[in-house]
């Protein structure tokens, strides 16, 4: 009888967690509904925002992020001179990945190129932040004729020995287990760690008070955000060795902007050392942390405009 009672309590607790996750998902979508358009592609539905006219610039966000990390203060100023396409990566934000779609970094890079085809864009400058930097590098390796230049902001460029402490709860190899956790413990855990996580991710700079809505932070309360980010961490382990091995053969111009005080990724290992492994890389170091598109939007815009202007012949 006691065992049955304990099983009943366990079942009801799990049901409560699932209902809470569903409630959080619904509330996050109410506070920040889709802001862009949708493209039905081979791997699923991609959510993107297409603004401005001129040479194309594609903005690719990082782990557990969404395109609002760029629309916070970067995409609108750039759209005065460029056609700016901010993308929710597959499975992130409001983009949906098909059930059995390839989740590798290579497949994500191919999906971005497929979006260019969908939009009838021949080539573009790719801007990648954090994990988006690794995916942008992959796109340039696999589709060099489609990418004029790379403007990478605090990019992941080498296999990390271990995830940053704030991302360790995401390190779940089993797809079944990460989905189970995503729809039970992930949202309460995210809420419990929110303040500490933001301090670490943004540090030594401060997360702006309006980041939850304007910067897309509230979408971290969608279970799918946790599930996709956990999957992405496993893909980093599987894909980064091949990405690094291909640096020597790359011909796409690469420019990197890094904050010296970045707490998520080492500016030395992922920025300074990249120039030695990828000849011709242009590195700019500034004082700041990891979330430069939010905390230093003007500097980030100037960096991107400089790279895009050189690649397209359009003065920044």
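Residue numbers (the numbering used here): 1052 to 1367. The beta-carbon is built from N, C-alpha and C at its ideal position, and this holds for glycine as well.
Residue environment, residue 1313, which counts as buried when at least 16 other CB atoms sit within 10 Å: buried
Boundaries (first-last residue) of the beta strand (DSSP E) holding residue 1101: 1095–1102
Pairwise C-alpha distance: residue 1217 and residue 1248: 6 Å
Candidates 1355, 1154 and 1350, of which the one nearest residue 1286 by Cα: 1154
Residue environment, residue 1302, which counts as buried when at least 16 other CB atoms sit within 10 Å: exposed
Sufficient close CB pairs (3 or more, under 8 Å) joining the region 1327–1342 to the region 1244–1260: yes
Rounded separation between residue 1236 and residue 1310 - CA only: 33 Å
Contact under 8 Å by Cβ, residue 1207 with residue 1177: no
Limits of the beta strand (DSSP E) - the one that residue 1136 falls within: 1134–1138
Opening and closing residue of the beta strand (DSSP E) in which residue 1109 lies: 1107–1111
Sub-8 Å separation of residue 1185 and residue 1294 beta-carbons: The answer is yes: Cβ separation under 8 Å.
C-alpha distance - residue 1329 paired with residue 1222, whole-angstrom precision: 29 Å
4-residue-minimum alpha helix (DSSP H) runs that sit fully inside the region 1142–1179, ordered along the chain: 1156–1169
Buried versus exposed, by CB contacts within 10 Å (16 or more), residue 1074: exposed
Residue 1219 to residue 1232 span [Cα, whole Å]: 14 Å
Any non-hydrogen atom of the ligand MG closer than 7 Å to residue 1107 Cβ: By its list of ligands, the structure shown contains no ligand whatsoever, and the ligand MG lies outside what it can speak to.
CB of residue 1165 within 8 Å of CB of residue 1130, strictly: no
Residue 1271 (DSSP reduced to helix, strand or coil): helix
DSSP state of residue 1284 mapped onto helix, strand, coil: Looking at residue 1284 - three-state DSSP - the assignment turns out to be helix.
Residue 1299 - containing beta strand (DSSP E), residue span: That residue, residue 1299, is in no beta strand (DSSP E); it is neither H nor E in DSSP.
Length at least 3, wholly inside the region 1317–1357: the beta strand (DSSP E) runs in chain order: Qualifying beta strand (DSSP E) stretches, in chain order: 1333–1337.
Closest Cα partner of residue 1117 within the set 1215, 1262, 1132 and 1331: 1262
Coil, strand or helix - residue 1090 by DSSP: strand
Alpha-carbon spacing of residue 1315 relative to residue 1335, whole angstroms: 18 Å
Inter-residue spacing [alpha-carbon to alpha-carbon] between residue 1132 and residue 1349: 15 Å
DSSP three-state assignment for residue 1308, whether helix, strand or coil: strand
CB contact below 8 Å: residue 1149 versus chain C: In the structure shown, chain C does not exist; there is a single protein chain.
Residue 1185 - containing alpha helix (DSSP H), residue span: 1182–1193
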